[in-house]
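See structure below.
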Amino acid sequence: MGATYFSIQAHTTDRDAVLTCARSFAGKHPYEFQCYVGEALGQWTAVYPSFSAVMDPFAKELSQALGCLVLTLASADEDEVLCNFCLAGKDYSYFKISPGRKRSPKQQAPVAKKLALLEGILTADQQKELLAYISHPPDVLFSSDVLKTLCQALAILNATTSYDYILRNDYSADLDRQVELVKIA
Numbered sequence: 539m540g541a542t543y544f545s546i547q548a549h550t551t552d553r554d555a556v557l558t559c560a561r562s563f564a565g566k567h568p569y570e571f572q573c574y575v576g577e578a579l580g581q582w583t584a585v586y587p588s589f590s591a592v593m594d595p596f597a598k599e600l601s602q603a604l605g606c607l608v609l610t611l612a613s614a615d616e617d618e619v620l621c622n623f624c625l626a627g628k629d630y631s632y633f634k635i636s637p638g639r640k641r642s643p644k645q646q647a648p649v650a651k652k653l654a655l656l657e658g659i660l661t662a663d664q665q666k667e668l669l670a671y672i673s674h675p676p677d678v679l680f681s682s683d684v685l686k687t688l689c690q691a692l693a694i695l696n697a698t699t700s701y702d703y704i705l706r707n708d709y710s711a712d713l714d715r716q717v718e719l720v721k722i723a
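Count the sequence shown with my numbering and you get residues 539 to 723, in order.
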């Protein structure tokens, strides 16, 4: 069993707006939702939610409230990477990247549609390069290597940690850059 990393990345530098939305959502879901919110790094602000059934509704609500793209990124047990897209309150679902597993052209089409939501973040050529990588990921031992490559393409930092690691104070070595984290509970 390997590490599991989970974060919600909002394409915004407005950390205060992310904090406001997280506090409001936690107020409506006091028993299901807790999180840490990091500082904005580049064009992204990270949220590290506790694992619960309301994580996806939070990402959807965050995208609606802030009017920005919100990605949910997970490296599950070092076996696969999951990436979910929310924009303007709509959940566009997720795709899975399994190291060493190739996608057929038919399987690439839905992923390409999701990557088109990255317009303004990635050029069309960069989207094609990312699709090629996602469709033929290397056969690596740890899926976090795939997550790191995905994040590097999108200029996302600090995606290789999660709520539980932060709660146990077992996360600093995994961060790209140290940031102040605000707990919402």
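For each residue, glycine too, the CB sits at the ideal point set by N, CA and C.
| Asked | Found |
| --- | --- |
| Just the C-alpha distance for residue 684 and residue 637, rounded to the nearest angstrom, thanks. | 7 Å |
| In angstroms, rounded to a whole number, what distance separates the CA positions of residue 707 and residue 632? | 29 Å |
| Closer than 8 Å by C-beta to residue 627: which residues in its own chain qualify, once you throw out the five before and the five after it? Chain order, please. | 598, 599, 601 and 602 |
| So, helix, strand or coil for residue 712, using DSSP? | helix |
| Here's the rule I'm using: 16 or more other beta-carbon atoms within 10 Å means buried, otherwise exposed. How should residue 652 be labelled? | buried |
| Can you tell which of 623, 558 and 569 has the C-alpha that lies nearest to the C-alpha of residue 545? | 623 |
| Thinking C-alpha only, which one of 588, 577 and 583 is nearest residue 567? | 588 |
| Rounded to the nearest angstrom, what separates residue 560 and residue 645 at their Cα positions? | 34 Å |
| Residues in the same chain with beta-carbon distance under 6 Å from residue 634, minus the five sequence neighbours each way, listed in chain order, please. | 618 and 620 |
| Output the distance between the C-alpha atoms of residue 702 and residue 558, rounded to the nearest integer angstrom. | 22 Å |
| With burial defined as no fewer than 16 other Cβ atoms inside 10 Å of the residue's Cβ, what is the status of residue 532: buried or exposed? | What is shown of the chain runs 539 to 723, which leaves residue 532 out entirely. |
| Give a single yes or no on whether residue 559 has its beta carbon closer than 7 Å to a heavy atom of the ligand GTP. | Among the ligands in the structure shown, none appear at all, so the ligand GTP cannot be discussed. |
| Within this structure, are the beta carbons of residue 498 and residue 695 separated by less than 8 Å? | For residue 498 there is no data in the structure shown, the boundaries of the chain being 539 and 723. |
| Can you round the beta-carbon distance between residue 682 and residue 548 to whole angstroms, since I take them to be within the 8 Å contact cut? | That belief does not hold up - the Cβ atoms of residue 682 and residue 548 are roughly 21 Å apart, past 8 Å. |
| Count the other CB atoms within 10 Å of the CB of residue 569; is the residue buried (16 or more) or exposed (fewer)? | exposed |
| Start and end of the beta strand (DSSP E) containing residue 640? | Per DSSP, residue 640 belongs to no beta strand (DSSP E) and is neither H nor E. |
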